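Below is one structure; the comments refer to it alone.
Protein chains in written order, with our numbering: chain W, 1468 to 1588; chain S, 182 to 1258.
Spelled out as structure tokens, the structure:
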């Protein structure tokens, strides 16, 4: 995701033993280059990102994965990133919400308030 | 005495209610109602005024001390008044002297003394001359129709029985002699900005026209802040500072109210020129707007975003404004929306980095023991973020000092709360940054367990439990010292405090359990805690009930440890929690009940507990039924193996219960479907005897009038289809179901239709391939033409499921359908590539691949190539992807000539589309296949790489990147020549400045480096690295840096030998790395 949205920040800490999970929408996507082709190496994320309030969220888009990550699927780096050793650079978890997403949330909220004449959220 | 007769008026209760209704003003403006709904009482305080005056730390501290003192005195006065009113009878009129104003911090002692002297003098005057004339002279008595309304006269005019009411507290008689007090009345009302003349002029004129171009709206509130823009004087009159200010104001207004493009542009120009404007000019304008109560959430969000970007620009220049920014941003930390909270957290974190610890500490220190709980809460949250950002190591000394504060309990309370908030911030189970300091933290908290203030004790217990929760399962050693005081605390407290202490022990026990050295501790405390919990099971307090459930989920119970568990835990638990009252509670509680039940079942008798719960699935109350289904679902999905021991009787009951609850539901919920799903997974073929009853119930419900029921039952069918296949030897049942589903394709409700198609997909997916061929009623030949018109349906869900089903048919049974039908579907699919939903586009592209495989690529590719000429970019990109997929599924040699031929058309869009398709193609292919097409594709890429159009070069670079990376390790010298040729063509593009282009170019250079090896590659960059012009050097260093990251080890042997250049022409020295044997 960070390839197409420049304001997203990747964690880049030392990865640990836990596998990075993604939501069905991001399934098959390489967390570095967003490619859907040739998933090769499993993504490992760092300790901090695998626990805490982020533990049941998709590592690329922070979608909810269910209480015990039921809908989460392991993420894979694509072949090209592995060949370039980009999978060794650090934990690829997106740690902030990009302006695109937060803008969307507020736009939706505004539309919702408009349609209900401001009485409901 | 109570009168029993003669009560002819309406009952007092009704009267009260009516009065209440009248008192409510129905004609509130919508904005006010909205804000009432949106903000709870706690958050309403957001509406504060911001203080722009710069005060020293000492002044601030004094102010806070005064406030505290004031609050204390207020409290004392209130208490005294209450005791007075309680003792004295109500008939005595309270003294009518106006309450004298207390000494305020902004009144100097001299002024205060003078005021006091004046008042005394007046009092003296009133006492000595009590005659009417004197009062009239002072003008303090209202005169109506020539009659001075003094007390005596009023007594005579009015009938008896009226009592003179005392003026309300805080009321001051207006004294004309004194000048009006402007400063004191700024609290709730609109304040006119400093330059009154300008705005007042505007307020009178209509504000319909916009001051700046490109705005979407201009509201009346905006006039307050941007009024100056309405009548900007001619530019020659302004000095530089005002000009700057006006310029900034214009940009901020554009950011706030502008259309999307204006907004983006002004945001960019504000951040770029931030340092030119300076923090003072910008913040003085932005911050007051953020405090405006009527600000739309979206506008606030945009301003907050602007603020966060400005922070990065200003860096340490922000220091003088830290307090103001925190004042504005910190209330967002307790917003209901988690996104807003996260945003605020990010800003405060970057503010901390910019301002530094010392600055933040000195700005926030005065608020630690503020009288207002609201401010203390926010301060604790801000401090937690500060601690998290800068690390506990630097923050710990300060925290220690705060916890030792003797002055008042509020500071200690806030200090402890900082730790708690820090734990919550890090999140559940995330203790890696805390655990090095755990012992210190626990030691700091130890004395406060027995603090004199109850609030401090409670928050300490809560914080300890939060700490334990964060560091699980390690760190019991650190907690050992506090076990005893906490255990004593359980005996000493009641209510909420007890709940806190119980939670604390409950969270520490799992740590003991993990460490084998503490086995005895763990056993002892578990047993004892269960005793305490058993007593509290009956507690009506919601907080306590939730705490109990949370503790149970974590307790290491076992049959050995709790021998009479049935009578001690399970039964009381069922009595207390498995009833209709709990079922109607909020979801948080019901979820806890489900988790606790599952935990108990796992620890004790799984099957007997399951039997017990199954009974509730047939309860009359729907909510309880749902709760039971939730619990059953959780139990059988987490421990499917336990069901092996289930006897046939209980099995029947279980299935029956789930089916009953499913049939009886009135509020449709996903959980029923999930329960069926987990039932099917755990019982597997054992479900066979029950299938008939389940399916007949589903089919019956599929004919229901209510759309939701039909939808749900088709969803259920799609879940069950794989199990039906497993349970039956032939496909008879499934083909029947397919027929029924096929017949219901005429459904009108799109949501239901989507579900039916999905169910059909699932059924067709489950049956054998051979059955598909022999299926007669309906045959695949019948199903597909029915689906074609459905593709035109506008609903996205229908589209997606329909495409998937067509893809399945194309994959599983392509032969029975003639090519014309497939072509028709292809045309429909092309339309669907326009869809806004990405999943639909992906599904459509995949289906293209399947169809091309069945009917051959020729027709499909021609259609796709024609589609490249359309205007829309998204459509072209999707077509390119589809071509890539088709080429991949039908092997490249079938389509590549056609695609390359298309490149000859001298049209930019088409050529780009072709390049894009090739790029996708080479991304899909593996290296061995790619290698065979290298020579064929080179002339085309050559042409693209020397094209004038940027996008041509960009896309060609992507193609080369994919080819290079796929071929790594598979090429020999012959192939390397081609890649060197590419490198020669790409390298001049290194000076491109457009962000997309340069990043693709650099990527392709990286790819080529991987393929060619560092030796060849570095020869291209050495010269550029040391070029005298910086603009030349910079891109080369970029390339070098990425080489350094990946191949730093290989870099050394390839360093150029500078010493050879100057020394003698013949050199016999051989470097170590050049030694070969």
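Using N, Cα and C, we set each Cβ at its ideal position, and we do this for glycine too. Please read these numbers as outputs of a predicted model, since none were measured by experiment.
Check	Outcome
Mind checking which residues open and close the alpha helix (DSSP H) that includes residue 910(S)?	Premise fails: residue 910(S) is in no alpha helix (DSSP H) and is neither H nor E.
Grouping DSSP H, G and I as helix and E and B as strand, with all else coil, what is residue 237(S)?	coil
Taking only runs that begin and end inside the region 1472-1516 of chain W, name each unbroken alpha helix (DSSP H) of 4 or more residues, in chain order.	none
I believe residue 635(S) touches residue 663(S) by the beta-carbon criterion, under 8 angstroms. Please report the beta-carbon distance rounded to the nearest angstrom.	So it is not a contact: roughly 18 angstroms between Cβ atoms.
Going along the region 500-511 of chain S in order, which residues come within less than 9 angstroms of chain W, judged by CB to CB distance?	none
Measure from the alpha carbon of residue 1006(S) to the alpha carbon of each residue in 1020(S), 985(S) and 1017(S), then state which is nearest.	985(S)
Starting from residue 1007(S), trace the beta strand (DSSP E) in both directions and tell me its first and last residue.	Careful: residue 1007(S) lies outside any beta strand (DSSP E), inside the alpha helix (DSSP H) at 1000-1013.
Taking only the alpha-carbon atoms, compute the straight-line gap between residue 759(S) and residue 726(S) and give it to the nearest angstrom.	12 angstroms
For the region 555-599 of chain S, list the alpha helix (DSSP H) runs that are entirely contained and at least 4 residues long, ordered along the chain.	573-584
Can you find a C-beta in chain W that's less than 8 angstroms from the C-beta of residue 205(S)?	In this predicted model, residue 205(S) has a pLDDT of only 46, less than 50, meaning its place in the structure is not dependable enough to derive any value.
Answer with yes or no whether the minimum CB distance from residue 1494(W) to chain S is below 8 angstroms.	no
Taking the straight line between their C-alpha atoms, what separation do you get for residue 1105(S) and residue 821(S)?	40 angstroms
Residue range of the beta strand (DSSP E) that residue 1544(W) falls in?	1543-1545
So which residues of chain W does residue 1187(S) contact, with C-beta pairs closer than 9 angstroms?	1551
Output needed in chain order: residues of the region 607-627 of chain S with a Cβ under 9 angstroms from some Cβ in chain W.	607, 608, 609, 610, 611, 612, 613 and 614
How many Å lie between residue 565(S) and residue 1503(W) at the Cα?	40 angstroms
Is there contact between the region 1011-1023 of chain S and the region 965-982 of chain S, where contact requires at least three CB pairs shorter than 8 angstroms?	yes
Less than 8 angstroms separating the beta-carbons of residue 1205(S) and residue 1213(S)?	yes
For a contact meaning CB atoms closer than 7 angstroms, what does residue 1475(W) contact in chain S?	What residue 1475(W) touches in chain S: nothing, since even the nearest Cβ is about 12 angstroms away.
For the alpha helix (DSSP H) that contains residue 931(S), what are its first and last residues?	931-947
Just checking my contact of residue 1537(W) with residue 1227(S) at CB under 8 angstroms: how many whole Å lie between their CB atoms?	No, residue 1537(W) and residue 1227(S) are not in contact; Cβ-Cβ is about 38 angstroms, not under 8 angstroms.
By how many angstroms is the C-alpha of residue 689(S) removed from the C-alpha of residue 748(S)?	26 angstroms
How should residue 1215(S) be labelled, buried or exposed, when 16 other C-beta atoms within 10 angstroms of its C-beta is the threshold for buried?	exposed
Out of 953(S), 774(S) and 878(S), which one is the CA nearest neighbour of residue 754(S)?	774(S)
How many Å lie between residue 562(S) and residue 608(S) at the Cα?	14 angstroms
Would you please state the rounded distance, in angstroms, between the beta carbons of residue 508(S) and residue 577(S)? I believe it to be under 8 angstroms.	With a Cβ gap of about 26 angstroms, residue 508(S) and residue 577(S) do not count as contacting.
Under 6 angstroms Cβ to Cβ from residue 567(S), same chain only, skipping five residues before and after it: list those, please.	533 and 541
Could you give the first and the last residue of the continuous alpha helix (DSSP H) run that contains residue 776(S)?	768-784
Please report whether the beta-carbon of residue 1563(W) lies at a distance below 8 angstroms from any beta-carbon of chain S.	yes
Which residues of the region 1102-1114 of chain S have a Cβ closer than 7 angstroms to any Cβ of chain W? Give them in chain order.	1104 and 1105
Given a cut-off of 8 angstroms, decide if residue 595(S) and residue 560(S) are closer than it, judged by their beta-carbon atoms.	yes
Run through chain W and tell me which residues come within less than 7 angstroms of residue 1191(S), C-beta to C-beta.	1550 and 1551
Could you tell me if residue 1203(S) is buried or exposed, where buried requires 16 or more neighbouring beta carbons within 10 angstroms of its beta carbon?	exposed
I'd like to know whether the C-beta of residue 1519(W) is nearer than 8 angstroms to at least one C-beta of chain S.	yes
Taking the alpha helix (DSSP H) that residue 1143(S) falls in, what are its first and last residues?	1131-1147
On the criterion of 16 or more Cβ atoms from any shown chain inside 10 Å, does residue 524(S) qualify as buried, or is it exposed?	buried
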